[in-house]
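Structure first, then comments.
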Amino acid sequence: WKHAADLTRGENQPPYSDRVGRGAATQIVCKLGLLDGELLLIEYEDGKLGGRLSVANRGNNPCFLEPLSPLMTRPDGGTIMLEGHPAEWRIYIDSGSCGGRCASYALNENQGKNSAGAVSVLWSPGGNQSLAIGQVEVERSWTSIVYEYGGVSTNTHAYRWAQTTKADLRIEQDCTGYRLDPGETFNLDLCAMIFDPDPFRSLIALRDAMVA
Numbered sequence: 029w030k031h032a033a034d035l036t037r038g039e040n041q042p043p044y045s046d047r048v049g050r051g052a053a054t055q056i057v058c059k060l061g062l063l064d065g066e067l068l069l070i071e072y073e074d075g076k077l078g079g080r081l082s083v084a085n086r087g088n089n090p091c092f093l094e095p096l097s098p099l100m101t102r103p104d105g106g107t108i109m110l111e112g113h114p115a116e117w118r119i120y121i122d123s124g125s126c127g128g129r130c131a132s133y134a135l136n137e138n139q140g141k142n143s144a145g146a147v148s149v150l151w152s153p154g155g156n157q158s159l160a161i162g163q164v165e166v167e168r169s170w171t172s173i174v175y176e177y178g179g180v181s182t183n184t185h186a187y188r189w190a191q192t193t194k195a196d197l198r199i200e201q202d203c204t205g206y207r208l209d210p211g212e213t214f215n216l217d218l219c220a221m222i223f224d225p226d227p228f229r230s231l232i233a234l235r236d237a238m239v240a
């Protein structure tokens, strides 16, 4: 949202429902260059969290879209609130982002930056916590999930013990080159975040949301 202007919060959490479930949504509207943006932050009754960005062309000329990051955290503006040591947290990445092979990385491996494709699970076995993040519904864009950890060890076989609140999250949605005509609205992917002590249950809940 660093390029957004004129942020305005809409009515506080009106009722909301879609195929994933029922709940309430907070609406944030803004300007994204020549486009009007609307971000819905959704809290479902069963505990899932969701986010969806829509952009509209209110002008007279076609616009060509660029990649957008509807959700991101910053060190000075909020981070993923995790408990336990960072060495406990591992990222399970879907095969779409690792050359046809599923992969598992510690939070601070790969120079502290790990990118997943449409689905990933962040899991702390010792902390008995997990977070599944994934693209639930596909319009014309593709979702990447990026984790950035601020304390990288110089020794790849050792972990630097630091506050896990230094882990940042960015959800990127690639709609590069899509032509948005005057009067047209474009909905990016619906993404969901699901918390559960068991990583398999969180992944199953995400799967069920995709099927719905």
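End of the sequence shown sits at 240 in the working numbering; the numbers just go up one at a time, nothing left out. Just so you know, even glycine gets a beta-carbon here, dropped at the ideal spot from N, CA and C.
Where P227 is concerned, the enclosing alpha helix (DSSP H) starts and stops at P227 to V239. Under the rule that a run must span 3 or more residues, the beta strand (DSSP E) segments found entirely inside the stretch 144-182 read 147-152, 157-165 and 170-177. Assignment of N138 by DSSP, reduced to helix, strand and coil, places it in the helix class. Put simply, the backbone Cα of L197 is about 26 Å away from that of A84.
In chain order, Q41, P42, P43, Y44, I70 and E71 place their CB closer than 8 Å to the CB of A52, counting only its own chain and leaving out the 5 sequence neighbours on each side. In this structure, the alpha-carbon of D46 lies about 12 Å from that of V164.
Minimum Cα-Cα distance from E94 among the listed residues R235, Y206, F214 and D224 corresponds to Y206. Per the DSSP secondary-structure output, I70 pairs in a beta bridge with A53 and G78. Looking at the DSSP output, L63 bridges to L60. Across the set G145, R102, Y177 and N215, the C-alpha of Y177 shows the shortest separation from the C-alpha of A134. DSSP places T101 in no beta strand (DSSP E); its state is neither H nor E. Of all alpha-carbon atoms in A237, A233, V174 and P225, the one lying nearest the alpha-carbon of Q157 is that of P225. Residue range A195 to D202 is occupied by the beta strand (DSSP E) that includes E200. Per DSSP, the unbroken beta strand (DSSP E) holding P43 starts and ends at P43 to S45. Rounded to whole angstroms, V239 and F92 show a C-alpha spacing of 31 Å.
Around the Cβ of F214, a 10 Å sphere holds 16 or more other Cβ atoms; the residue is buried.
Residue M100 holds the alpha-carbon nearest to the alpha-carbon of S172 among V48, R37, C58 and M100. G78 is a Cβ neighbour of L68, given a cutoff of 9 Å.
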